[in-house]
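Undergrad: The structure follows.
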Amino acid sequence: MRSTVEARYKAVASFRARLFTAIMIIVATLTALGLYLAQRKVTADAEGNLQQIFQNELSSLHRLEELRHGALADRCNALAAKPRIHAAIEDNAIDLLYPSAKDELRDLMESEEPPPQQPTQWLHAKFYRFLDTKGAVIKPLNPYDVGGLDANTEAQLALNKLPDTQQVGYIRENAQTGGGAIDEVIAVPIFSTETGDLISALVIGFKPLELEDKHTGMKSGIWANGRLHLPALPTSAQTSLNEMVTGALANSDKDQNYFRVDLGGASQLLFYKRLNPGSLFPPAYEICIYPLSYSLAELHRLRWQIGGAGALLLLGGFVASHLVALRFSAPVKKLALDSEEARAQRQRAEAALASTAEELARSTRYSADASHQLKSPVTVLRVGLESLLEREGFKPEVYEELSNLLHQTHRLTGVIEDLLLLSRMDAGHLQIACTPVNLSQLVDEWLEDLGALRDSPDVKIEKEFPRDLFVAGEKRYTSLIVQNLLENARKYNRPGGRICVSANGNGRDIVLTIGNNGCTIPPGENIFERFHHSSTPSVASGHGIGLNLARELARLHGGDLRLVRSENDWTEFEVRFPAADGVKAVA
Amino acid sequence: MRLRGLLWFYAICLMLPDPLFGSSAVEGRVELPKSHSAPVQAKRYEIVTKGGVLSTQPPLAVVYVDGAFPRTGSLPAKQVAQKDLTFVPALLPIQVGTKVEFPNLDDTYHNIFSYSPAKRFDLGRYRPEERPIPTEVFDKPGLVTLRCDIHEHMRGLVLVLNTPYFVMTDTEGHFRLAGLPAGHYTLKAWIDSRTTREKPVDLKNGQTLHVDFP
């Protein structure tokens, strides 16, 4: 027993360990998944943020540029509408074009002195040129009035055709010599006020807006005509970056994109965006480089935070799963112990049951054997007594004594037969062959017999039942039931009492009620118990198996026997038989 | 008395150059382009541009006898006024050497100028009460486009001709040129800045020729 309990304890411990492991695996998996997702989200967010920053910077720059473009366009359109410029073009006085424009555009041009740092400076042009109807540059007679440009730079202003909308382009001054600034040019169409035809275009060059965010370290420049202009970077870095940008632009047809570059050992994010989509001028791109050191540090910090949170989560999971495993294994442990106890009890009960059954079988066998063993000597005794009675020459008292003895042997035979029947029933050997039995007739016959008995007290018999009530049963046993009950009613009656027998059927059952006067049965006394003896002393007494046998037989037939009442000098039994399905066969 | 009058007449005629004695005339009709717009109120002619071609609206033509004629003495001055932000008249035919005055009849400044090859000039800004009235002498034949630097929509035309024999048609295109010298000439009809029709004519004294420009 002790070893089993120990084994149980071990099993519970193993269950707890397995439960704990399973919960830990789930917690660890979930944590790992969470960490992975958080990590991915953080990385994506960082990239998104970076792009957002870039977009914001760029859009603020573009807002400025749009503002400037708007202001410039308004001015350019106003200038292009000047009658003298129109007159010079429309009336074929090209020689007067630039002199006229010089007067009209005087305030547009930058002054010789470095301009003060104020927004109006944006609106000052570095140079301007007119294009003829083929898009070629109309050469000014005196280039210094309109902003000097070398031939190569001037050639970049020409377009394949005159634009009918405002165009933005970027050209590189002194491209030949390698250095030189990038200029932003705006081409404004000039329409004839007379015909509405496109007659010329005014191309005005400005210094581009430059963006450098001191806060984020973002640097911006312009890529145009295959060259990068990012003055914030040293020349060598510009050269290497230029190759990368040129390569990237050649391989992609996107208007904007971003990729990582390695510049002087530092990782940087490079964004580019087309500055003049759809323009007749060659494509130019805004190039922004953003040092990743800030965002990498931020990412690093976030990763550490996530890692720490994961470790904490795992620790929490460890504790929680430990507690959960304990909590869950407690009832299992109790269950295991309880079941062990229950098992022991069951084993004991089973053992007891087995021995009881064995004893019962033995006793059944014994009573059967005993009955059989008793039957033969009783028969011998009875035959002896009968032969003695037939002899002559004995005194009359002797005959009377012999007759009494013979009567006792008959009773003994009855008891033995009853016992034999009971033991057969107990052993389950009794088979009943059901046939319709005429209960009315049976009761009548027994009542007659009752009256004929010698020692019958002076009782009055009342009967109330219809004729030909048929019950389903074996006649012998049905008769035995009725005999037992009627004999009891006579035996326990008082002198001058009465016996009342009634029967009726309800279609399915037939109920026979037998009542008699006489001393009552105290409540709580189990009169149906085998070998029962009344607690109250009585003149009449049986051997204590009659009622038991009657009830067993009634139940064997599918009916029952019960005590209806026993009070006020009246005791009434009720036996129920199954009706013989309406069969009116003759018994 | 009657004789003296005749003598005076003869003497005056003798003093005048020969061709002036010409008494031939040309009359006819120029087929003018259809006017698409509604009749202009106040009978004011404006210059319109269609496909780069300047013409008057409603359409008018100038008919003149082309050829080299000796200059007569001083020519009377003509006027192109600015009134209600338009040139009045919108089209002015003149002989070479004519002085044209540009009086400002509006309440605002005007700045009349021309970049035309036939005559480049710039009168600068001037007020209505500006005296003397700004003038310009046109000494080269050709078409001169008048513009105002302040009012960019204003257009006027001055047709500078070699000949003293010219006339503007009426709106129906009818014209009559009288007092022409006899001889072989080319009669031209200026219809717009791009279209000038011409026909050779033989003018004889005392004869009225009928010429139509289809």
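So the protein sequences, as listed, match chains A and B. Residue 1 is where the first sequence starts when you use the numbering used here, and the numbers rise one by one after that. Residue 1001 is where the second sequence starts when you use the numbering used here, and the numbers rise one by one after that. We put the CB at the ideal spot given by N, CA and C, even for glycine.
#1: Within 10 angstroms of its Cβ, does Leu485 (chain A) collect 16 or more other Cβ (buried), or is it exposed?
#2: Can you round the beta-carbon distance between Val1030 (chain B) and Ala1061 (chain B) to whole angstroms, since I take them to be within the 8 Å contact cut?
#3: Mapping the DSSP letters down to three states, classify Val185 (chain A) as helix, strand or coil.
#4: Taking the CB atoms as reference points, tell me whether Phe130 (chain A) and Leu202 (chain A) lie closer together than 8 Å.
#5: What does a CB cutoff of less than 6 Å around Asp1122 (chain B) pick up in its chain, not counting 5 residues either side in sequence?
#6: Please state the DSSP three-state secondary structure of Asn506 (chain A).
#7: Can you check whether the C-beta of Leu96 (chain A) is within less than 8 Å of a C-beta belonging to chain B?
#8: Taking Cβ-Cβ distances shorter than 9 Å, what residues in chain A pair up with Tyr1165 (chain B)?
#9: Going by beta carbon distance, what residues of the same chain come within less than 7 Å of Asn77 (chain A), once the five residues before and after it are set aside?
#10: Would Tyr9 (chain A) be called buried (16 or more neighbouring beta carbons within 10 Å of its own) or exposed?
#11: Taking C-beta to C-beta, are Gly497 (chain A) and Asn516 (chain A) nearer than 8 Å?
#12: Excluding the 5 residues preceding and the 5 following Leu19 (chain A) in the sequence, name in chain order all residues of the same chain whose CB lies nearer than 7 Å to its CB.
#13: Distance cutoff 8 Å, beta carbons only. Does Asp1149 (chain B) sit that close to anything in chain A?
#14: Answer with buried or exposed for Glu286 (chain A), where buried requires no fewer than 16 other C-beta atoms within 10 angstroms of its C-beta.
#15: By the three-class DSSP mapping on this structure, what secondary structure does Asp145 (chain A) have?
#16: For Thr1218 (chain B) and chain A, any beta-carbon pair shorter than 8 Å?
#17: So what does DSSP say about Val1096 (chain B), is it helix, strand or coil?
#18: Just grab the DSSP bridge partners of Cys1148 (chain B) for me.
#19: Cβ closer than 9 Å: which chain B residues qualify as neighbours of Asn92 (chain A)?
#20: Would you list, in chain order, the members of the stretch 71-83 of chain A that have their beta-carbon closer than 9 Å to a beta-carbon of chain B?
#21: Taking the continuous alpha helix (DSSP H) assigned at Leu420 (chain A), which residues delimit it?
#22: With a threshold of 8 Å between beta carbons, is Thr133 (chain A) in contact with chain B?
#23: Along the chain, where does the beta strand (DSSP E) containing Met218 (chain A) start, and where does it finish?
#24: Just checking my contact of Ile499 (chain A) with Ala554 (chain A) at CB under 8 Å: how many whole Å lie between their CB atoms?
#25: So, helix, strand or coil for Cys76 (chain A), using DSSP?
#26: Determine the DSSP secondary structure at Ile545 (chain A), reduced to helix, strand or coil.
#27: What is the rounded straight-line gap between the Cα of Gln118 (chain A) and the Cα of Leu33 (chain A)?
#28: Give me the chain B residues within the contact set of Ala125 (chain A), using Cβ-Cβ distance strictly less than 9 Å, ordered along the chain.
#29: Looking at the structure shown, is Val1080 (chain B) part of a helix, part of a strand, or coil, going by DSSP?
#30: Pull the bridge partners of Cys288 (chain A) from the DSSP assignment, please.
#31: Going by C-alpha to C-alpha distance, which of A:Gly316, A:Glu401, A:Val564 and A:Gly148 sits closest to Arg588 (chain A)?
#32: Measuring alpha carbon to alpha carbon, tell me which of A:Ala368, A:Lys475 and A:Glu462 ends up nearest Ser423 (chain A).
#33: Please list, in chain order, all residues of the same chain as Lys82 (chain A) whose beta carbon is under 6 Å from its beta carbon, the five residues on each side excluded.
#34: Whose C-alpha, out of A:Leu447, A:Val27 and A:Val137, is nearest the C-alpha of Glu462 (chain A)?
#35: Just the chain B side, please: which residues come within less than 9 Å of Ala589 (chain A) by C-beta, in chain order?
#36: What number of angstroms, rounded off, separates the C-alpha of Lys1043 (chain B) from the C-alpha of Lys1204 (chain B)?
TA: The short version:
#1: Position 485 of the first sequence holds residue 485 (chain A). Buried, by the Cβ-count rule.
#2: Counted from its first residue, the second sequence places residue 1030 (chain B) at position 30. Counted from its first residue, the second sequence places residue 1061 (chain B) at position 61. About 4 Å; that satisfies the 8 Å criterion.
#3: The sequence position of residue 185 (chain A) within the first sequence is 185, counting from 1. In the structure shown, Val185 (chain A) sits in a strand (DSSP, three-state: E or B).
#4: Walking along the first sequence from the start, residue 130 (chain A) turns up at place 130. Walking along the first sequence from the start, residue 202 (chain A) turns up at place 202. Yes. Within cutoff.
#5: The residue labelled residue 1122 (chain B) in the question sits at position 122 within the second sequence. Counting only Cβ-Cβ distances below 6 Å, and skipping sequence neighbours, we find Phe1113.
#6: In the first sequence, residue 506 (chain A) corresponds to position 506, counting from 1. If DSSP states are grouped into helix, strand and coil, Asn506 (chain A) belongs with coil.
#7: As a working mapping, residue 96 (chain A) is identified with position 96 in the first sequence. True, the Cβ-Cβ gap to chain B drops below 8 Å.
#8: On the second sequence, residue 1165 (chain B) is found 165 positions in, with the first residue counted as 1. Result: empty, since nearest Cβ-Cβ is about 28 Å, beyond 9 Å.
#9: Taking the first residue of the first sequence as position 1, residue 77 (chain A) is located at position 77. Only Val188 meet the Cβ criterion.
#10: Residue 9 (chain A) sits at position 9 when you count from the first residue of the first sequence. Answer is exposed; the Cβ neighbour count stays below 16.
#11: Along the first sequence, read from residue 1 onward, the residue named residue 497 (chain A) stands at position 497. Along the first sequence, read from residue 1 onward, the residue named residue 516 (chain A) stands at position 516. It is a contact, given that the beta carbons lie within the stated cut-off.
#12: Sequence index remark: in the first sequence, residue 19 (chain A) carries index 19 (1-based). The answer, listed in chain order, is Ala325, Phe328 and Ser329.
#13: On the second sequence, position 149 is the one that residue 1149 (chain B) refers to. Judged by the 8 Å Cβ criterion, Asp1149 (chain B) is in contact with chain A.
#14: Counting from one through the first sequence, the residue named residue 286 (chain A) turns up at place 286. Buried, by the Cβ-count rule.
#15: Here residue 145 (chain A) corresponds to residue number 145 of the first sequence, with the count starting at 1. Three-state result, Asp145 (chain A): helix.
#16: This structure gives no information on residue 1218 (chain B), because the portion of chain B shown stretches from 1001 to 1214.
#17: Taking the first residue of the second sequence as position 1, residue 1096 (chain B) is located at position 96. Correct three-state label for Val1096 (chain B): coil.
#18: To locate residue 1148 (chain B), count along the second sequence from 1; it is residue 148. Answer by DSSP bridge pairing, in chain order: B:Ile1112.
#19: Sequence index remark: in the first sequence, residue 92 (chain A) carries index 92 (1-based). Near Asn92 (chain A) (Cβ distances below 9 Å), the residues of chain B are Tyr1115, Ser1116 and Pro1117.
#20: Ala81, Lys82 and Pro83
#21: In the first sequence, residue 420 (chain A) corresponds to position 420, counting from 1. That run of the alpha helix (DSSP H) goes Pro396 to Asp426.
#22: Along the first sequence, read from residue 1 onward, the residue named residue 133 (chain A) stands at position 133. Not an interface residue.
#23: The count along the first sequence starts at 1 and reaches residue 218 (chain A) at position 218. It spans Met218 to Ala224 - the beta strand (DSSP E) in which Met218 (chain A) sits, taken as one unbroken run.
#24: Looking up residue 499 (chain A) in the first sequence gives position 499. Looking up residue 554 (chain A) in the first sequence gives position 554. So it is not a contact: roughly 19 Å between Cβ atoms.
#25: As a first step, residue 76 (chain A) must be located in the first sequence, where it is residue number 76. Residue state, collapsed to three classes: helix.
#26: Residue 545 (chain A) sits at position 545 when you count from the first residue of the first sequence. Note: Ile545 (chain A) maps to coil in three-state DSSP.
#27: Position 118 of the first sequence, counting from 1, holds the residue named residue 118 (chain A). Position 33 of the first sequence, counting from 1, holds the residue named residue 33 (chain A). For Gln118 (chain A), the predicted structure reports a pLDDT of 47, less than 50, and the residue's modelled location is therefore unreliable. A value from the coordinates is still provided. Approximately 55 Å between the Cα atoms of the pair.
#28: Walking along the first sequence from the start, residue 125 (chain A) turns up at place 125. In chain order: nothing, as chain B lies at least about 22 Å away.
#29: Counting from 1 along the second sequence, the entry for residue 1080 (chain B) is found at position 80. DSSP places Val1080 (chain B) in coil when its eight states are reduced to three.
#30: As a first step, residue 288 (chain A) must be located in the first sequence, where it is residue number 288. Bridge partners of Cys288 (chain A): A:Ser220 and A:Phe271.
#31: Absent from the model: residue 588 (chain A). The displayed extent of chain A is 1 to 587, so no value can be given.
#32: Here the question's residue 423 (chain A) lines up with position 423 in the first sequence. Of A:Ala368, A:Lys475 and A:Glu462, the residue nearest in Cα terms is A:Ala368.
#33: Here residue 82 (chain A) is taken as the residue at index 82 of the first sequence, counted from 1. Taken in chain order, the residues that qualify are Glu104.
#34: On the first sequence, residue 462 (chain A) is found 462 positions in, with the first residue counted as 1. Taking only the C-alpha atoms, the option nearest Glu462 (chain A) is A:Leu447.
#35: No answer is possible for residue 589 (chain A): the residues shown for chain A start at 1 and end at 587.
#36: Residue mapping note: residue 1043 (chain B) aligns to position 43 of the second sequence, counting from 1. Residue mapping note: residue 1204 (chain B) aligns to position 204 of the second sequence, counting from 1. Low local confidence applies: a pLDDT of 46 at Lys1043 (chain B) is under 50, so the model's placement there is unreliable, and no value is given.
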